[in-house]
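S.K.:
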Amino acid sequence: MRALPAVALAIVLVLSGAIAGASSAIGLVKVTEGMATVQRGDETLPARLGLALEEGDILRTGADGRMGVVLRDDTRLSLGPESEIRIDRFLFAPAKGSLGLVVKVARGVMAFVSGNIAKLSHDAVRVETPVAIVGVRGTHFLVKVETQ
Amino acid sequence: MLSRERWYERCSGSLVGGGVCLMLLASCATPGPPSPAPKRSVFLLIPDPEGKVGQITVTNRTGTQVVDQHHHATTVQSADDAPSPPSALDETEIKRIFGEALAAQPAAPARFILYFRDDSEELTPESEVSLPEVFRTIRDRGALDVSVIGHTDTIGTREYNYQLSLRRAKKVADLLAKQGVDRNILDIESHGEDNPLVKTGDQAREPRNRRVEITVW
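Which chain is which? The protein sequence lines are A and B, in order. For this note's numbering, count along the first sequence from 1 and bump the result up by 20. For this note's numbering, count along the second sequence from 1 and bump the result up by 432.
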């Protein structure tokens with residue numbers, strides 16, 4: 021029988037709680053060039069290599085900037101110059117059935133390669149722009165946002 | 433350019449519109465201050481790194497378009513302008529618009545799967561052999577982060593399997609740390625029986641689902 025002593029169970033639950041609490045990172049910066057920043061709340065951080073990303077982060081590039089990030093579910097986002105995106109929502113806990121990715125592209129150019137969230141749930145990935153909303157099904161796509 | 437072509441397509445469908453269109457085109461041909469091309473947002477589908485083509489659905493309050501062919505794009509002028517029917521975009525244009533963003537695309541993370549004995553956090557002999565390769569990859573890439581996610585098959589309760597897959601992930605993390613991987617870059621997670629590699633019913637013995645997935649960033 022697969023029964024676990026109550027004591028062991030309690031210890032494991034405490035440990036798993038600690039792990040879940042420690043990792044608010046949803047991804048990290050893998051490519052950065054020129055003017056590239058991450059805005060978190062009121063703080064603006066230079067987008068250095070390996071910088072951990074959090075839900076709600078705003079990624080920006082200047083005229084000479086580029087940035088590439090990988091999210092925990094393998095989603096890859098990259099920005100050309102003069103671009104701005106916000107990682108609005110990132111939920112990747114398949115065990116709890118919570119999956120979701122919402123990226124807002126305010127301006128500029130973004131390349132998107134979907135990861136496991138799109139693989140596990142067809143309607144969980146959305147890219148929002150000022151002119152339209154994009155539903156994503158397991159794919160690689162490119163968006164340029166240019167408004168009047 | 434794109435917009436004028438689209439104008440033409442739209443107009444050629446209706447006689448009345450056709451007249452207006454010809455007038456507009458004619459006025460364009462007469463000398464005068466060139467009117468700037470209206471700005472349009474572009475949504476382009478390309479094959480993913482494995483060569484598969486997915487699908488995007490572009491929607492706003494005036495319409496929706498599905499793009500499911502590679503190198504096809506829909507364009508949108510504003511939130512009040514319906515997305516255009518998808519049309520092919522040529523390679524030069526794709527490079528011009530998207531080249532910089534594509535150049536900044538990070539490499540895909542390296543992935544490994546290690547398998548386990550039934551109801552145990554002991555690696556199978558085959559997986560024990562491939563552990564050094566995982567370690568080498570972490571070292572050679574100068575990895576910034578290594579995700580270690582435990583999984584189980586569906587034998588046993590959901591809660592039990594959550595704990596079992598957590599033990600598997602912790603075991604792999606311990607083995608890597610022992611070889612010199614910095615614990616601070618190891619990110620341990622447990623997905624229990626809910627993220628199987630091979631879909632099965634409940635209470636199914638499936639060796640391919642008894643695993644830890646390692647992602648080296």
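No residue lacks a Cβ here, since even glycine has one placed at the ideal position from N, Cα and C.
Hey, is E63 of chain A's beta-carbon within less than 9 angstroms of any beta-carbon in chain B?
M.R.: Not an interface residue.
S.K.: Figure out for me which residue from B:E482, B:E554, B:A505 has the closest Cα to the Cα of D522 of chain B.
M.R.: Measuring from the Cα of D522 of chain B, the nearest candidate turns out to be B:A505.
S.K.: Mark T494 of chain B as exposed unless 16 or more other C-beta atoms lie within 10 angstroms of its C-beta, in which case mark it buried.
M.R.: With fewer than 16 Cβ atoms within 10 Å of its Cβ, T494 of chain B is classed as exposed.
S.K.: Let's see if you can read the secondary structure: which residues bound the alpha helix (DSSP H) around D619 of chain B?
M.R.: Premise fails: D619 of chain B lies in the beta strand (DSSP E), 618 to 622, not in any alpha helix (DSSP H).
S.K.: Closer than 7 angstroms by beta-carbon distance: list the chain A residues that pair up with V615 of chain B, in chain order.
M.R.: One detail in the question is off: residue 615 of chain B reads as Arg in this sequence, not Val. Here the premise fails: no neighbours, minimum Cβ distance about 12 angstroms.
S.K.: For a cutoff of 9 angstroms on Cβ pairs, would you count T57 of chain A as touching chain B?
M.R.: No - not a single Cβ of chain B is within 9 angstroms of the one on T57 of chain A.
S.K.: What residue range is occupied by the uninterrupted beta strand (DSSP E) comprising G495 of chain B?
M.R.: Unbroken beta strand (DSSP E) run through G495 of chain B: 495 to 499.
S.K.: Note down, in chain order, every chain B residue with its Cβ under 9 angstroms from the Cβ of L162 of chain A.
M.R.: What L162 of chain A touches in chain B: V474, F475, L476, L477, I478, A505, I526, I529, F530, A533, L534.
S.K.: Please list, in chain order, all residues of the same chain as A520 of chain B whose beta carbon is under 6 angstroms from its beta carbon, the five residues on each side excluded.
M.R.: So the qualifying residues of the chain are H503, H504.
S.K.: Starting from A144 of chain A, find everything on chain B with Cβ-Cβ shorter than 8 angstroms and list it in chain order.
M.R.: Within chain B, no residue comes near A144 of chain A; the closest Cβ sits about 14 angstroms away, beyond 8 angstroms.
S.K.: Kindly list the residues whose CB is nearer than 7 angstroms to the CB of R157 of chain A, restricted to its own chain and excluding five residues on each side of it in sequence; keep chain order.
M.R.: Result list for R157 of chain A: A138, H142, in chain order.
S.K.: In this structure, how does DSSP classify L563 of chain B when only helix, strand and coil are distinguished?
M.R.: Correct three-state label for L563 of chain B: helix.
S.K.: Going by DSSP in three states, L456 of chain B sits in which element: helix, strand or coil?
M.R.: Annotation note: pLDDT 43 at L456 of chain B (below 50); position unreliable, coordinate value reported separately. Three-state DSSP puts L456 of chain B in a helix.
S.K.: I'd like to know whether the C-beta of V89 of chain A is nearer than 9 angstroms to at least one C-beta of chain B.
M.R.: V89 of chain A counts as touching chain B.
S.K.: I'd like the list of long-range same chain contacts for Q635 of chain B, defined as Cβ closer than 7 angstroms, with 5 residues on each side in sequence excluded.
M.R.: Same-chain partners within the cutoff: T586, I587.
S.K.: For the stretch 616 to 627 of chain B, enumerate the residues whose C-beta is nearer than 8 angstroms to any C-beta of chain A, in chain order.
M.R.: The residues in question are D619, I620, E621, S622, H623, G624, D626, N627.
S.K.: Between the Cα of I526 of chain B and those of A:I46, A:A115, A:A131, A:A83, spot the shortest distance and give me the residue it belongs to.
M.R.: It is A:A131.
S.K.: Tell me whether the stretch 553 to 572 of chain B and the stretch 76 to 85 of chain A touch, counting them as touching only if at least three CB pairs, one residue from each stretch, are closer than 8 angstroms.
M.R.: No, because fewer than three Cβ pairs between the stretch 553 to 572 of chain B and the stretch 76 to 85 of chain A fall closer than 8 angstroms, the two stretches do not touch.
S.K.: If we cut at 9 angstroms on Cβ distances, does S519 of chain B have a partner in chain A?
M.R.: By this cut-off, S519 of chain B is not an interface position.
S.K.: Less than 9 angstroms separating the beta-carbons of L477 of chain B and D500 of chain B?
M.R.: Yes; because the gap between Cβ atoms is below 9 angstroms, this pair is in contact.
S.K.: Checking 9 angstroms against the spacing of the C-beta atoms, do V89 of chain A and V125 of chain A come in under that value?
M.R.: The answer is no: Cβ separation not under 9 angstroms.
S.K.: DSSP three-state label for I587 of chain B, please.
M.R.: Three-state DSSP puts I587 of chain B in coil, outside helix and strand.
S.K.: How many angstroms separate the CA atom of T647 of chain B from the CA atom of A83 of chain A?
M.R.: If I take the Cα positions, the gap works out to 33 angstroms.
S.K.: Would you mind sorting V630 of chain B into buried or exposed? The rule is 16 or more other CB atoms within 10 Å of its CB.
M.R.: That one is exposed.
S.K.: Check D108 of chain A in the structure and name its three-state DSSP category.
M.R.: Strand at D108 of chain A.
S.K.: Going along chain B in order, which residues have a C-beta closer than 7 angstroms to the C-beta of V165 of chain A?
M.R.: Going along chain B in sequence order, the residues near V165 of chain A (Cβ under 7 angstroms) are S473.
S.K.: Starting from the Cα of E625 of chain B, find the closest Cα among B:H583, B:Q487, B:R640 and give me that residue.
M.R.: Measuring from the Cα of E625 of chain B, the nearest candidate turns out to be B:H583.
S.K.: Pull up the distance between the alpha-carbon of A144 of chain A and that of E621 of chain B, whole angstroms please.
M.R.: Cα to Cα, A144 of chain A sits roughly 21 angstroms from E621 of chain B.
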